[in-house]
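Asks:
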Amino acid sequence: MAVTLHQLLKTLVEQGGTDLHITTNSPPQIRVDGKLVPLQLPPLTAPETKALAQAHILELTGEGPTRTATLSPTPSQTPPPTQTATPTP
699 MAVTLHQLLK
709 TLVEQGGTDL
719 HITTNSPPQI
729 RVDGKLVPLQ
739 LPPLTAPETK
749 ALAQAHILEL
759 TGEGPTRTAT
769 LSPTPSQTPP
779 PTQTATPTP
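Residues in the sequence shown are numbered consecutively from 699, following this note's numbering.
1. Check whether the Cβ atoms of L750 and T709 sit closer than 8 Å, and answer yes or no.
2. Per DSSP, which one or two residues make a beta bridge with D717?
3. Going by other Cβ atoms of all chains shown within 10 Å of its Cβ, with 16 needed for buried, is R765 buried or exposed?
4. Who are the Cβ neighbours of H719 in its own chain at under 6 Å, not counting the five residues just before and after it?
5. Alpha carbon to alpha carbon, what distance is there between K733 and T759?
6. Measure the C-alpha to C-alpha separation of P778 and N723 and round it to an integer number of angstroms.
7. Name the residue from T747, V711 and A753 whose alpha carbon lies nearest to the alpha carbon of D731.
Pasting the structure below:
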């Protein structure tokens, strides 16, 4: 079974890490106390790295198996409409 981004992020949190580094031909790494620590996983191939990213993008856009986030702004994030000045006679 291929590793998922959710599993990698869960490991990151469990080990007290702050950053997740995913690079082709390298095992995923997390930053713990300022140092990069490789996870005990095999290096990710280019197709595996691409599939990992694509699966996450599909989830974010609602095209994947579960919808976990929305990319459209919420009403509080929508900028107010611009008002044009009406010339006075």
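The beta-carbon is built from N, C-alpha and C at its ideal position, and this holds for glycine as well.
Replies: Concretely, from the data shown:
1. no
2. R729
3. Because the pLDDT at R765 is just 42, under 50, the model does not fix this residue reliably, and the value given afterwards should be weighed accordingly. Classification for R765: exposed.
4. Q727
5. 33 Å
6. Note on P778: pLDDT 49, under 50, position unreliable in the model; the coordinate value appears next. Using only the alpha carbons, I get a separation of about 46 Å.
7. V711
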